[in-house]
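Numbering (the numbering used here), first residue to last: 24 to 766.
What follows is the structure in structure tokens.
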């Protein structure tokens, strides 16, 4: 649909809906209220699409530490560290990058209410610290930190970090107006960005989002949104991210190659990307160098030892296979078709661009690891740099995707966004309008076929009719009660229990001392070694995703059974009613069906399982495991030569990961049992509710029936004006229906 047509639909529908809203008829008013609510949402989204219809909006998404900022620095800033890397999920701000004639930062700060939430979390953290210190008098800091890590959640620790980092100058910005900060060129922007969003920036703790207006020709017609991690702990910032994704046309989705497309990524892809009308998704296996390092270690002693070409192909094959396995999990069938898979290593571009003397410790270690695992592959600095340039894949990504897919097909992608949005929203509005038209047509049929004598006859026989139906209704409700209780046991056996197969990890350096008895230099030596640590934040995110899916599966299956049970009661009641009702009754099934719907409305209070507390308790227990300092590898001392230290540390790492995995899986059984207990409670509550319904269902049917017949009697007495009112409503409804067709 063209934007001009979109605007015409809005104008035409708006006029018809306004005309509907002044019609004085009970049912028309009820349906009009529902139509207005959905239409206003549709209109708001349409205005956003229309406003920037010439701007191609690209989102950069992925979990914290997936390498989003490094990727953007390589893609747009020649590998310079312009966009700072977040140190924690709390400091992972939302950054918008777009063209402007004037170089300027636009800085938005947290509101007073948002900051107060951090202060409250910090207070809880400090209470935990006080208790730990009191219970461990005289203990060294290492022990105290371990105990604090066990008791405090990731959010508390991050909130403590923000609050304690916050200087008076930063605190003065909280709740304040947006600042506009000019800068001069890329050199000028780095200093300003470090001040506002750098790890040690003066204002970093209080910055909610940042807009970079940059005089750079490459940004013309494009807006880049660098989002926080996919599971943002700050709700208001997460909502802002969702708003941006609503308007995005294409997405760079970075998934850490070491745990490619984990449950958290799949959930985010389904909930925040798949249903947004996004025209293209480039899925990048990021930090690809880490997988090659892992394979280099694994291949030692095998026929593929030192073969980097084999390692690259094997890693790519593995990531492609994982994507193929996950395609069936994407809820939007069109999403899988949009996904383009490729690979990147942000650190590779940085190594390629920098003089070797300027590499930071992490970059130096990566070079060392590749030289160790793939000796002879890099016989010169030129070859090494060329390899890391190819490994980064930045030039190809810029040429193949940014320029030749996203930018070159800009108009097509934007149009796709508009078409997808209109199609999905149109269907929802169209269904409400169709229901309203059906109800109005039924009302007209009643007015044209029924007379006052029919109303009086129905009133006379209705009491007996419902009384005769009493036994049948009670039996149907009893069957429904039995089915609800049995369903809990069935679901317990049916729904797959979550299980952690692999603990998320992050690389870090550990200082280890060792003997030099066999070298020319005697005594103890000391060096930094790379080890895999438990990634507590990712562990919590992954288990939250698994647990949420488990909870959602219970919710979905329960709703499905509940709704089908309710329909069964109604369908069987209508069938029985047809057997015992007078053959000459002019009231068809739809009349009785609506009465039953109204009477059984009390059932719906038990349609939703209340299991949020069980999920929160489970995540609290996982956070304690993720923050358990005893699972972290700290500085070590060994009585062996340096060449044996890495294997010792690797063994230590394996034991820590195994312990974390065991601890997490031990928490799953209590969680799933708690979900079943909550479902049992809900089933009992539903049974009690149905018992009350069963006790007065006939009286309620009589009351609702009397009310409907009284309304219909009044309408028949004023038949001519009522039909004019309904015809007027139908004329406006049909205009809206034309604009919002259903399949």
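All C-beta atoms, glycine included, are put in the ideal place defined by N, C-alpha and C.
The C-alpha of residue 32 is placed about 20 Å away from the C-alpha of residue 751. Residue pairing of residue 549 in beta bridges, as defined by DSSP: 536. A direct Cα-to-Cα measurement between residue 388 and residue 62 gives close to 57 Å. Distance from residue 312 to residue 407 at the Cβ level is roughly 13 Å; contact not present, criterion being Cβ atoms closer than 8 Å. Shown here for residue 527: same chain residues with a beta carbon closer than 7 Å to its own, the five before and five after excluded, namely 282, 558, 561, 562, 565 in chain order. For residue 153, the number of other beta carbons within 10 angstroms of its own is below 16, and it is reported as exposed.
Pairing residue 43 with residue 755 gives a Cβ-Cβ distance under 7 Å. If the five residues before and after residue 91 are omitted, its C-beta is found closer than 7 Å to the C-beta atoms of 83, 85, 249, 277, all from its own chain and listed in chain order. Around residue 595, the same chain offers 495, 499 as residues with beta carbons nearer than 8 Å, after the five sequence neighbours per side are excluded. Look at the beta carbons and you see the stretch 627-645 touching the stretch 679-690: at least three pairs across the two are nearer than 8 Å.
Setting aside the 5 residues that flank it on each side, residue 39 is surrounded in the same chain by 755, 758, 759, each with a C-beta closer than 6 Å to its C-beta; the list follows chain order. A residue is called buried once 16 or more other Cβ atoms fall within 10 Å of its Cβ, and residue 440 is buried on that count. Following the DSSP letters along the chain, one finds residue 386 in no beta strand (DSSP E) but inside the alpha helix (DSSP H) bounded by residues 384-396.
A direct Cα-to-Cα measurement between residue 244 and residue 304 gives close to 19 Å. By alpha-carbon distance to residue 221, the top candidate from 118, 425, 30, 723 is 118. In the displayed model, residue 431 falls within coil according to three-state DSSP, outside both helix and strand. Residue range 273-279 is occupied by the beta strand (DSSP E) that includes residue 279. Here residue 197 really is in contact with residue 229; their C-beta atoms are around 5 Å apart, less than 8 Å. Distance from the Cα of residue 479 is smallest, within the candidate group 158, 447, 609, for 609. According to the DSSP assignment, residue 246 belongs to the beta strand (DSSP E) that extends over 245-249. Within the DSSP secondary-structure output, residue 554 pairs in a beta bridge with 531. Closest option to residue 744, judged by alpha-carbon separation, among 467, 367, 174: 467. Straight across, the Cα-Cα distance linking residue 731 with residue 571 is about 43 Å. Counting only residues of its own chain and dropping the five nearest sequence neighbours on each side, residue 335 has a CB closer than 7 Å to the CB of 315. Considered as a whole, the stretch 667-700 harbours no complete run of any alpha helix (DSSP H) with no fewer than 4 residues. In this structure, DSSP gives residue 765 a state outside helix and strand, which the three-state scheme calls coil. Excluding the 5 residues flanking it on each side, residue 238 has same chain C-beta neighbours closer than 8 Å at 122, 123, 124, 125, 126, in chain order. Residue 169 sits away from residue 144, with the two beta carbons spaced by 7 Å or more. Residue 532 counts as exposed, since fewer than 16 other C-beta atoms from the protein chains shown sit within 10 angstroms of its C-beta.
For residue 191, the enclosing alpha helix (DSSP H) begins and ends at 191-194.
Look at residue 122 here: in three-state DSSP terms it is strand. Our two residues, residue 49 and residue 742, have alpha carbons roughly 15 Å apart in a direct line. In the three-state reduction of the DSSP assignment, residue 521 falls in the coil class, being assigned neither a helical nor a strand state. Judged by beta-carbon spacing, residue 669 lies beyond the 7 Å limit of residue 632, meaning their Cβ atoms are not closer than that value.
Following the DSSP letters along the chain, one finds residue 408 inside the alpha helix (DSSP H) bounded by residues 404-415. For secondary structure counted as the alpha helix (DSSP H) over 4 or more consecutive residues, the stretch 456-530 holds these complete runs in sequence order: 475-491, 493-517.
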